[in-house]
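Colleague:
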Amino acid sequence: MVHNQDVKKGEILYGLEEAMSIIWKNQHPAECEKAKFIVSYGWPQGYGSEMHMLGAGLALALDLGRVLLSNPDGPLTEKLRSNAWQTQNPHCFSQNTSTLECYYEPWSNCSAQQALGPPQMVSDHVSAFRSLLSRYPHIWQLDDGNYSLSYPGQVNSSDRGFIFGDVPSALEHTLQSHRTVILIHRQFRQLSAVLIPRPVRPLLRCSPVLPSRAFYWWRAISITYLIRPNAVTLSALRGLRTNHNNLRCSDTIASSVIGSELKETGKRERYDSLSGRESGRESDCYARLQERVSDRQCVAVYVRRGDKHVEMQMIPTVQYLETAASLWRNMTAEGAVTGANPTIFLASEDPRVVW
-10 MVHNQDVKKG EILYGLEEAM SIIWKNQHPA ECEKAKFIVS YGWPQGYGSE
40 MHMLGAGLAL ALDLGRVLLS NPDGPLTEKL RSNAWQTQNP HCFSQNTSTL
90 ECYYEPWSNC SAQQALGPPQ MVSDHVSAFR SLLSRYPHIW QLDDGNYSLS
140 YPGQVNSSDR GFIFGDVPSA LEHTLQSHRT VILIHRQFRQ LSAVLIPRPV
190 RPLLRCSPVL PSRAFYWWRA ISITYLIRPN AVTLSALRGL RTNHNNLRCS
240 DTIASSVIGS ELKETGKRER YDSLSGRESG RESDCYARLQ ERVSDRQCVA
290 VYVRRGDKHV EMQMIPTVQY LETAASLWRN MTAEGAVTGA NPTIFLASED
340 PRVVW
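Take the sequence shown: its position 223, counted from the start at 1, is 212 in the numbering used here, and no numbers get skipped.
1. On a Cα-Cα basis, can you pick out the residue from 64, 340 and 330 that is closest to residue 291?
2. Is it buried or exposed for residue 51, if we count other Cβ within 10 angstroms and need 16 for buried?
3. Helix, strand or coil, according to DSSP, for residue 337 in the structure here?
4. Who are the near neighbours of residue 325 in its chain, counting only those whose CB is closer than 6 Å to its CB and skipping five residues on each side?
5. Please confirm whether residue 61 and residue 88 have their CB atoms less than 8 Å apart.
6. Around the C-beta of residue 186, are 16 or more other C-beta atoms found within 10 angstroms, so that it is buried, or is it exposed?
7. Does the stretch 88 to 100 come into contact with the stretch 19 to 26, if we say contact requires no fewer than three beta-carbon pairs (one atom in each stretch) closer than 8 Å?
8. Measuring straight from C-alpha to C-alpha, what distance separates residue 338 and residue 5?
9. Straight-line CA distance for residue 225 to residue 37?
10. Distance check for residue 205 and residue 330, CA to CA, integer angstroms please.
11. Taking the alpha-carbon positions, what's the residue 14 to residue 188 distance?
12. Considering only residues of the stretch 192 to 230, which uninterrupted beta strand (DSSP E) runs meet the minimum length of 3 residues and lie entirely inside it, listed in chain order?
13. Please name the residue or residues paired with residue 289 in a DSSP beta bridge.
14. Identify which residue in 91, 199 and 231 has its Cα closest to the Cα of residue 216.
15. State the Cα-Cα distance for the pair residue 43 and residue 316, rounded to the nearest angstrom.
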């Protein structure tokens, strides 16, 4: 899962290789018939939030020595929100699966059937989004909103200031009598928000990671494991990168300047120049985009829009630009970048960000 060349060059996250091995071993038991499982019920929110929750489920499973599996019914459709679009498409239809594993490598060598057993439907009149719970009423349901993490009264000096939340002993005792549980995520800040699984804690105790950033280290580790693209997805990505006929360059968001050049040229004119609208030279545009994307010395910026406004006040685009400019100046001062042309790798749901 980790390329040896990256390990030798030191271009991977601290502890990634060791953590991936620990997760892989937990997720691939020698005998699935003897393993214990946590089946994630799912999370009917945005894709990023959904993967965040699955990462927390992976932490809980690893901490308890259980195998994490996804909902065999696929992404949830609940109330006014439906995530069916994630798998109801030709890419997933071609692989005959309704789960996110149509994009990613399998999370485990064990199947949902091995974990859940035969269904025991109790009612024919249930809404679709309750189907998993209705088919398997005999499987114990763990609602993470009903439990809170316990914290040690004193921080062990060997933990270097890390405060590791522990799964309540009462919950562990209850789980012993259940081979499989269905994890229902409700209050993310309760059971799973700050849990660092016990098998990977030794890596943190001798790491350069700040204690206050330990959870973000785990988030990076967990998401790396969960979203390993499978062969079909990699093939599709290669096709998108090479088949320019499927993409109009003038519709591509491309912004590569910080500060003075943007002010002098103007946003609209700069976009027209990059997109090739003025001259119509699409090939020239692609050549410049290829050069920009292949240049590893850049500041990556994701301007979040979409439905994020329901959670927080939107950050002005100019603030992103100013922050990127500050980062580039700091990188230049530290000798981390070379060349005179600052570069932004920009992503956003909102095309108005580049206008």
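Cβ atoms here follow ideal geometry from the backbone N, Cα and C, with glycine treated the same way.
Modeller: On the basis of the coordinates in this document:
1. In the sequence shown, residue 291 corresponds to position 302, counting from 1. Taking only the C-alpha atoms, the option nearest residue 291 is 340.
2. Reading the sequence shown from its first residue, position 62 is the one you call residue 51. Buried is the call here.
3. The count along the sequence shown starts at 1 and reaches residue 337 at position 348. Strand at residue 337.
4. Here residue 325 corresponds to residue number 336 of the sequence shown, with the count starting at 1. Hits under 6 Å: none found.
5. Numbered from 1 along the sequence shown, position 72 holds the residue referred to as residue 61. Numbered from 1 along the sequence shown, position 99 holds the residue referred to as residue 88. Yes.
6. Start at 1 with the first residue of the sequence shown, and residue 186 comes out as number 197. By the neighbour-count rule (16 or more Cβ atoms within 10 Å), residue 186 is buried.
7. yes
8. Taking the sequence shown and counting its residues from 1, one reaches residue 338 at position 349. Taking the sequence shown and counting its residues from 1, one reaches residue 5 at position 16. Computed Cα separation, rounded: 30 Å.
9. The residue given as residue 225 occupies position 236 in the sequence shown. The residue given as residue 37 occupies position 48 in the sequence shown. Computed Cα separation, rounded: 21 Å.
10. Working through the sequence shown from its first residue, we reach residue 330 at position 341. Working through the sequence shown from its first residue, we reach residue 205 at position 216. So the alpha carbons of these two residues sit roughly 31 Å apart.
11. Here residue 14 refers to the residue found at position 25 when the sequence shown is read from its first residue. Here residue 188 refers to the residue found at position 199 when the sequence shown is read from its first residue. Those two C-alpha atoms are separated by around 11 Å.
12. none
13. If you number the sequence shown from 1, residue 289 lands on position 300. DSSP, once it has assigned bridges, lists 334 as partnering residue 289.
14. Here residue 216 refers to the residue found at position 227 of the sequence shown. Residue 216 has its Cα closest to that of 91, out of 91, 199 and 231.
15. In the sequence shown, counting from the first residue as 1, residue 43 sits at position 54. In the sequence shown, counting from the first residue as 1, residue 316 sits at position 327. Answer to the nearest angstrom: the Cα atoms are 31 Å apart.
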